[in-house]
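Trainee: One structure, as structure tokens, below. Some questions next.
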Amino acid sequence: MTWVFSLFLGLVVSVLAIVNWRKPGVLLPEGSDRWFNAAILMIGVAQIATGIGLVASGPARVLFLVLAAALFAAMGGVMVAACIANVKRLRALKAVAETAEEV
Numbered sequence: 002m003t004w005v006f007s008l009f010l011g012l013v014v015s016v017l018a019i020v021n022w023r024k025p026g027v028l029l030p031e032g033s034d035r036w037f038n039a040a041i042l043m044i045g046v047a048q049i050a051t052g053i054g055l056v057a058s059g060p061a062r063v064l065f066l067v068l069a070a071a072l073f074a075a076m077g078g079v080m081v082a083a084c085i086a087n088v089k090r091l092r093a094l095k096a097v098a099e100t101a102e103e104v
């Protein structure tokens, strides 16, 4: 039964991430970084791979569970990249605001 929940959760998260990619503001606030949206899509796909891995047997089980683990690990890297991009954007906005105050 766990695999059904995993597949359902993965499908819902993936669909929401795709909809948010096309029309920003559905899943994440308007103006959110695309990196965060990519990370959420990776979570959905990893959940789907986990669900398939739980129901599969033999080498397919190992393959899908390793794929899910790799996607979760890559998602962590994408989240770090998103945080770095947002910090750089905030620093640039702060510099613009300070320049505007001087003028």
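The sequence shown begins at 2 in the working numbering and counts up by one.
We put the CB at the ideal spot given by N, CA and C, even for glycine.
1) In this structure, how does DSSP classify P25 when only helix, strand and coil are distinguished?
2) Cutting at 6 Å between CB atoms, please list the residues of its own chain near A50, excluding the five before and the five after it.
3) Hey, how far is the Cα of S15 from the Cα of K95?
4) In whole angstroms, give me the CA-to-CA distance for L143 and L55.
5) Give the DSSP-derived three-state secondary structure of A61 in the structure shown.
Mentor: With the given structure in hand:
1) coil
2) F65, L68 and A69
3) 34 Å
4) No answer is possible for residue 143: the residues shown for the chain start at 2 and end at 104.
5) helix
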